[in-house]
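One structure is given here, and the rest of the page talks about it.
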Ligand SMILES: Cc1cc2nc3c(=O)[nH]c(=O)nc-3n(C[C@H](O)[C@H](O)[C@H](O)COP(=O)(O)OP(=O)(O)OC[C@H]3O[C@@H](n4cnc5c(N)ncnc54)[C@H](O)[C@@H]3O)c2cc1C
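Numbering (my numbering), first residue to last: 293 to 579.
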C-alpha cells in the first residue's frame, strides 16, 4: 500500500488558467452552490482528466485564485462540477457570477483517494458538511465499480438538516449498494434521523472485517482526529485511515511553500494523505 497515492504533476502549461464557462449552478444550501463548468477550448476539454480527490485552482480576474475540489464523476464525458461555499474574495466573486459567465481554471492538482489499491476491501466514507464534495467523485467511482469493493458505507454529518449536500442523490446511492447514514447536530421538526456528531455513527457501525476496512475521511481537522480514534476503537488499522487536508495554496505545485505541513506540501503530496503519516503534525499549533 503506498504512503500516498501521489500522481505525476499535470502535463503542459500548469500556470495558465484555461477559460471555463458556467453551464449551470445548483444552490445546495444557503451559502453553497455547485457549478457545472465547461472549457471554452474543445482541445482542453478533450485533454482534461482527473482522479477522485484532486482539486483545481479557480481564478477570477481581480479577485484571485482558490483551490477547489472537483466534486463530479471522474469518468470521461461527465460534467465537471465544483461545490463551493462562499467565504471570501474568490468564492464571493464566483457567487456573483451567472450562467454563461467565464473564469479561469488550472489543474487538476494533488493526490487522489487510493481507490485502485482498495479493490476487494470494505470502505467507509466519513465526512461533515462541505467535506462531502471531495468524496463524491470517490463515491461515484465505487458505485460505478460496485463489484470491485466489499461493504461500502457513507457516514455524513451536518450542523442542521438544511446544511446537507446532494440530498437528492442518497436514494440512488442506497439503491446502488451504498449504506448511507446521516446525522445532524441540531434537528428541526421535519428531521427523523440521527442527532449527534458523525463519529458516533462510526462507533456504532457493525464491521465484519475491520482489518480489511478502510476509512476515507474529509472534514475539519478535529473531526478527522476523532474519526481516526473511532476507527482505532473499531480495530481498523492506522494505515487504513485516509484524510484530505486543507491549507491555503498559491502555486499548487509544491514551489511556494504556502501549504507546507511538516515534511509535506499539501498541494502535491496531498490533499489526500494516509493519516498515520501526518498524525504527529496535527497537534502542532501554527502548522
Ligand atoms: C485542496 C483544497 C480543496 C478545497 N476544496 C474546496 C471545495 O471543494 N469547496 C470550497 O468551498 N472550498 C474548498 N477549499 C477551501 C478554499 O480553497 C478556501 O476557502 C479559499 O480560501 C477560498 O478563497 P476565497 O478567496 O473565497 O476566500 P479568502 O478571501 O481567501 O478567505 C478565506 C477565509 O479567510 C478569511 N480571511 C480572508 N482574509 C482574511 C484576513 N485578512 N484576515 C483573517 N482572515 C481572513 C475569510 O474570512 C475566510 O474565512 C479547498 C481548499 C483546499 C486547500
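Glycine residues also receive a C-beta, built at the ideal position from the N, C-alpha and C atoms.
Point to revise | Backbone CA spacing between residue 404 and residue 529 [nearest angstrom] | key: Translated into positions along the chain shown, residue 404 becomes position 112. Translated into positions along the chain shown, residue 529 becomes position 237. Those two C-alpha atoms are separated by around 20 Å.
Review point. How many angstroms separate the CA atom of residue 455 from the CA atom of residue 432?
Key: On the chain shown, residue 455 is found 163 positions in, with the first residue counted as 1. On the chain shown, residue 432 is found 140 positions in, with the first residue counted as 1. The straight-line gap from Cα to Cα measures roughly 21 Å.
**Study point:** DSSP beta-bridge partners of residue 374
**Key:** For this step, residue 374 is matched to residue 82 along the chain shown. According to DSSP, residue 374 bridges with 327.
Point to revise | Contact test: residue 379 Cβ vs ligand 1 heavy atom, cutoff 8 Å | key: Residue 379 sits at position 87 when you count from the first residue of the chain shown. Yes, since a heavy atom of ligand 1 falls inside the 8 Å radius drawn around the Cβ of residue 379.
Point to revise | Span of the alpha helix (DSSP H) around residue 491 | key: Taking the chain shown and counting its residues from 1, the one referred to as residue 491 is at position 199. Where residue 491 is concerned, the enclosing alpha helix (DSSP H) stretches over 490-496.
Review point. In terms of residue numbering, what span does the beta strand (DSSP E) encompassing residue 321 cover?
Key: Your numbering for residue 321 matches position 29 in the chain shown. First-last of the beta strand (DSSP E) with residue 321: 310-321.
Exercise for review: Just the C-alpha distance for residue 312 and residue 395, rounded to the nearest angstrom, thanks.
Suggested key: As a first step, residue 312 must be located in the chain shown, where it is residue number 20. As a first step, residue 395 must be located in the chain shown, where it is residue number 103. So the alpha carbons of these two residues sit roughly 6 Å apart.
Check your understanding: Just to confirm, does residue 558 get its C-beta within under 8 Å of one of the non-hydrogen atoms of ligand 1?
Key -> Sequence index remark: in the chain shown, residue 558 carries index 266 (1-based). Answer for residue 558: yes, Cβ within range of ligand 1.
Review point. Relative to the C-alpha of residue 261, which residue among 555, 420, 463 and 412 is closest?
Key: Here the chain has residues from 293 to 579 only, and residue 261 is not among them.
Point to revise | Pick from 442, 435, 484 and 439 that is closest to residue 461, judged by C-alpha positions | key: Here the question's residue 461 lines up with position 169 in the chain shown. Here the closest residue by C-alpha is 435.
Practice item. Give the DSSP-derived three-state secondary structure of residue 469 in the structure shown. Key: Counted from its first residue, the chain shown places residue 469 at position 177. Note: residue 469 maps to coil in three-state DSSP.
Point to revise | Closer than 8 Å: residue 398 CB and nearest ligand 1 heavy atom | key: Your numbering for residue 398 matches position 106 in the chain shown. Result no, Cβ not under 8 Å from ligand 1.
Check your understanding: In this structure, does DSSP put residue 536 in helix, strand or coil?
Key -> To locate residue 536, count along the chain shown from 1; it is residue 244. In this structure, residue 536 counts as strand in the three-state DSSP scheme.
Review point. I think residue 344 touches residue 481, with their Cβ atoms under 8 Å apart; what is that distance to the nearest whole Å?
Key: Taking the first residue of the chain shown as 1, we reach residue 344 at position 52. Taking the first residue of the chain shown as 1, we reach residue 481 at position 189. About 36 Å separates the two Cβ atoms, so there is no contact after all.
Check your understanding: Helix, strand or coil: which one does DSSP assign to residue 293?
Key -> The sequence position of residue 293 within the chain shown is 1, counting from 1. Since pLDDT at residue 293 reaches only 46, below the 50 mark, its modelled position is unreliable, and the value read off the structure follows with that caveat. In the structure shown, residue 293 sits in coil (DSSP, three-state: anything other than H, G, I, E or B).
Practice item. Flag residue 481 as yes when its Cβ comes closer than 8 Å to any non-hydrogen atom of ligand 1, and as no otherwise. Key: In the chain shown, counting from the first residue as 1, residue 481 sits at position 189. False, no ligand heavy atom lies under 8 Å from that Cβ.
Review point. Taking 8 Å as the cut-off, does the CB of residue 363 come closer than this to any heavy atom belonging to ligand 1?
Key: Against the chain shown, residue 363 aligns to sequence position 71. True, at least one ligand heavy atom lies under 8 Å from that Cβ.
Review point. Could you check where the alpha helix (DSSP H) with residue 422 kicks off and where it finishes?
Key: Against the chain shown, residue 422 aligns to sequence position 130. Residue 422 -> no alpha helix (DSSP H), and no H or E assigned at all.
Practice item. State the CB to CB distance for the pair residue 449 and residue 391, rounded to an integer number of angstroms; the pair is presumed to be in contact (CB under 8 Å). Key: Against the chain shown, residue 449 aligns to sequence position 157. Against the chain shown, residue 391 aligns to sequence position 99. Going by Cβ atoms, the distance from residue 449 to residue 391 rounds to 31 Å, so no, they are not a contact pair.
Exercise for review: Count the other CB atoms, across all protein chains shown, that sit within 10 Å of the CB of residue 500; report buried if there are 16 or more and exposed otherwise.
Suggested key: Here residue 500 refers to the residue found at position 208 of the chain shown. Answer is exposed; the Cβ neighbour count stays below 16.
Exercise for review: Could you tell me whether the region 508-522 touches the region 313-327, where touching means 3 or more Cβ pairs closer than 8 Å?
Suggested key: no
Check your understanding: Tell me which same chain residues have a C-beta within less than 6 Å of the C-beta of residue 526, skipping the five on either side of it?
Key -> The sequence position of residue 526 within the chain shown is 234, counting from 1. Once the five neighbours on either side are set aside, the close Cβ partners of residue 526 are 499 and 502.
Check your understanding: Alpha carbon to alpha carbon, how far is residue 354 from residue 375?
Key -> Against the chain shown, residue 354 aligns to sequence position 62. Against the chain shown, residue 375 aligns to sequence position 83. Their backbone Cα atoms lie some 21 Å apart in a straight line.
Review point. Measuring CB to CB, does residue 347 end up less than 9 Å from residue 360?
Key: Mapped onto the chain shown, residue 347 falls at position 55. Mapped onto the chain shown, residue 360 falls at position 68. Contact: yes.
Review point. DSSP beta-bridge partners for residue 526?
Key: The residue labelled residue 526 in the question sits at position 234 within the chain shown. Its beta-bridge partners do not exist; DSSP assigns none.
Check your understanding: When every heavy atom of ligand 1 is checked, does at least one fall within less than 8 Å of the C-beta of residue 652?
Key -> Not covered by the structure: residue 652. The range shown for the chain is 293 to 579.
Practice item. Leaving aside the five residues before and after residue 485 along the sequence, list all residues of the same chain whose C-beta is less than 6 Å from its C-beta, in chain order. Key: The residue given as residue 485 occupies position 193 in the chain shown. Answer for residue 485: 474, listed in chain order.
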